[in-house]
Amino acid sequence: MSAEFPFTIPERLPVRIDPCPILEAVLEIRFVTQESWDVLPGLLFSEIRDRYPDQLQLPLYQIPEEMRRHEPQLAHKPLLQFLSRDFLIQFGPRVIGLVTKPDAYPGWTRLREELEWLLQVLRQASFITEGDRLGVRYIDFFQGNVFPGLQIGAQVQGAPLDHAELSLTTAFRHPPLAGRLVVTNGALVRRGESHATGSVLDLDIWAGALDFELFANGLERFDQMHHLAKGVFFSLLKDDYLATLNPRYP
Amino acid sequence: MNASYFPTRQAIYTTKPELIPGGDLPNLQTDTGDGQREDLLLAKLGSSGWGRVHHFRNYYSQGWGDRGQGRPLSPRSLEAFYRFLELMPQPRRTAPKVFLTDSGHLEVCWTGEAGAEVQVEFTPTHTEFYIAATETEDSLPHHAMADLLHMLPPP
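These protein sequences, in sequence, are chains A and F.
Under this note's numbering, the first sequence has 27 at position 27, and the numbering climbs by one with no breaks.
Under this note's numbering, the second sequence has 1093 at position 93, and the numbering climbs by one with no breaks.
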């Protein structure tokens, strides 16, 4: 089955909505390297220590490398986190991700600045042999059931399934990019020591290996992916629901 | 084994248990096109070729080979290889064989009509080919894959 592009992106996109629903944004670079994992954290940390002084081992770090290497689904999982005041860098043998702090999205301009700096760092550290995949992922959280406010849903015998517990996943292509959208009204979100229940809109956009040159047009591809993610997000909102989010236009 | 058994990072959100499919689905893949590509491999290279590509893709990270000389499989080579397979006609004789070179590039070889041996190697930037019958050796950029296929004896 071919993946179509089923969204009609509005001509005018808001520059801001309030409250901002973005729970977390992740800019991810998957790569191959000839360096062993033993030396990679040191190569990266020496370049970022001033801005990301703290680090944290993730639970997967404890799994022996031989075991990790033989489990394909772990190939692109991060093992370490480096922390700064505004962002996290997640790092593994074949992946590096720039992640915003929960519920503290600083805006694309600021996130892009940090990404530009990170790309310069990666070029200097020079351990990336080749880029494998670039990805932009936005996770948005809404109180309650978001389906009645969205232009996406499910039906049973022709009747909308708006008020049942529901989780939808769809994949699409928008050459040279591809994406996957997950919408669920059964999400549990951690907020410090407490949990909130509600809906999540989880949108992942990526570019494949032949569709970017990391240090030549990587930043431009991230711009395109961000623009597509924003367009898909706003294409999903019904006009009256968008109005409740106080959109501001340029 | 399912990767979900391993803790990675505490997820920013989880889904209510009743919305999570039950059972272990280790072969379920959801990246766009993955299912199509599995079908493509099986159709054009057979189960042997599918198995070899699966193995190269998942287990040949840096340092493979007797002396650890093998470089990791190039993602750009893999992507070019898939694009080639999409355009390659269905083999009428034996399915092409697939190899991983020490440089981390995928290579396919087959014997065409009248015993014409053909080798095609996918590098990160271009595709190199060799036709033994005419001793033709050349390369083309990946975007010229359709032109390349017109030049090669079909498998």
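We treat Cβ as the ideally placed atom computed from N, Cα and C, and that holds for glycine.
Just so it is clear, the structure is predicted and the values come from calculations on it, not from any experiment.
Next item on the list: Give the interface partners of residue 1052 of chain F over in chain A, defined as CB-CB distance under 9 Å, in chain order.
Entry: Near residue 1052 of chain F there are no residues of chain A at all, since even the closest Cβ is about 15 Å away, more than 9 Å.
Check: In chain F, what lies closer than 8 Å to residue 188 of chain A by C-beta?
Finding: 1013, 1014, 1015 and 1016
Check: Is residue 187 of chain A buried or exposed, if buried means 16 or more other CB atoms sit within 10 Å of its CB?
Finding: buried
Checklist line | Residues bridged to residue 203 of chain A (per DSSP) | finding: A/138 and A/181
Check: Quick one: any contact between the stretch 152-165 of chain A and the stretch 121-133 of chain A, if contact means 3 or more CB pairs under 8 Å?
Finding: no
Next item on the list: Out of A/41, A/190 and A/17, point me to the one whose CA is closest to residue 53 of chain A's CA.
Entry: A/41
Next item on the list: Note down, in chain order, each residue of its chain lying with its Cβ closer than 6 Å to the Cβ of residue 1131 of chain F, except the 5 sequence neighbours on either side.
Entry: 1118
Margin query: Using DSSP's beta-bridge definition, name the partner residues of residue 174 of chain A.
Written below: A/177
Next item on the list: Using a Cβ-Cβ cut-off of 8 Å, state whether residue 130 of chain A counts as contacting chain F.
Entry: yes
Next item on the list: With a cut-off of 8 Å on the beta carbons, I'd call residue 82 of chain A and residue 88 of chain A a contact; round off their distance for me.
Entry: 7 Å
Next item on the list: Output yes or no for whether 8 Å exceeds the beta carbon distance between residue 47 of chain A and residue 155 of chain A.
Entry: no
Notebook entry, point to check: Which residues in the same chain as residue 1060 of chain F place their Cβ atom closer than 7 Å to its Cβ, once the five residues preceding and following it in sequence are excluded?
Noted result: 1070, 1072, 1073 and 1100
Next item on the list: Within its chain, find whatever has a CB closer than 6 Å to the CB of residue 214 of chain A; leave out the 5 residues flanking it on each side and keep chain order.
Entry: 131
Checklist line | Chain-order list of residues whose beta-carbon lies under 6 Å from that of residue 229 of chain A (same chain, five-residue window excluded) | finding: 136, 138, 203 and 205
Item checked: Start-to-end residues for the beta strand (DSSP E) that takes in residue 10 of chain A -> Segment: none, residue 10 of chain A is in no beta strand (DSSP E) and carries neither H nor E.
Item checked: Under 9 Å by beta carbon: chain A residues contacting residue 1142 of chain F -> 210
Checklist line | residue 1076 of chain F: contacting residues in chain A (beta-carbon distance under 7 Å) | finding: 130, 209 and 210
Check: Nearest CA to the CA of residue 68 of chain A: which residue from A/194, A/150, A/92 and A/178?
Finding: A/92
Notebook entry, point to check: Hey, is residue 1037 of chain F's beta-carbon within less than 8 Å of any beta-carbon in chain A?
Noted result: no
Checklist line | Candidates F/1065, F/1115 and F/1036, of which the one nearest residue 1082 of chain F by Cα | finding: F/1036
Check: Excluding five sequence neighbours on each side, which residues of the same chain lie with their C-beta closer than 6 Å to the C-beta of residue 221 of chain A?
Finding: 134, 207 and 212
Check: With DSSP run on the structure shown, which of helix, strand or coil describes residue 1147 of chain F?
Finding: helix
Note to self: Let's see if you can read the secondary structure: which residues bound the alpha helix (DSSP H) around residue 1016 of chain F?
What the structure shows: Element bounds for residue 1016 of chain F: n/a, residue is neither H nor E.
Check: To the nearest angstrom, how far is it from the Cα of residue 196 of chain A to the Cα of residue 71 of chain A?
Finding: 33 Å
Item checked: Alpha-carbon to alpha-carbon, residue 1085 of chain F and residue 1103 of chain F -> 21 Å
Notebook entry, point to check: Relative to the C-alpha of residue 107 of chain A, which residue among A/55, A/63, A/25 and A/31 is closest?
Noted result: A/25
Notebook entry, point to check: Excluding sequence positions up to five away, which residues of its chain have a Cβ less than 6 Å from the Cβ of residue 28 of chain A?
Noted result: 97 and 135
Item checked: Span of the beta strand (DSSP E), counted from its first residue to its last, around residue 90 of chain A -> 87-92
Notebook entry, point to check: Does the distance from the C-beta atom of residue 140 of chain A to that of residue 58 of chain A stay below 8 Å?
Noted result: no
Check: If you count every other CB in all the chains shown that lies within 10 Å of the CB of residue 1151 of chain F, and 16 or more means buried, which is it?
Finding: exposed
Notebook entry, point to check: For residue 90 of chain A, does the count of other Cβ atoms within 10 angstroms reach 16, so buried, or fall short, so exposed?
Noted result: buried
Next item on the list: Give the interface partners of residue 1071 of chain F over in chain A, defined as CB-CB distance under 9 Å, in chain order.
Entry: 32, 34 and 129
Check: CB residue 150 of chain A to CB residue 237 of chain A, shorter than 8 Å?
Finding: yes
Margin query: Give me the residue from A/144, A/115 and A/235 with the minimum Cα distance to residue 152 of chain A.
Written below: A/235
Next item on the list: Step through the CB atoms of chain A and report whether any lies within less than 8 Å of the CB of residue 1024 of chain F.
Entry: Confidence at residue 1024 of chain F is low in this model, with a pLDDT of 40, below 50, so the placement of that residue should be treated as unreliable; the coordinate-derived value is given next. No, because no Cβ of chain A sits closer than 8 Å to the Cβ of residue 1024 of chain F.
Next item on the list: Could you please give the first and the last residue of the uninterrupted beta strand (DSSP E) stretch that includes residue 80 of chain A?
Entry: 80-83
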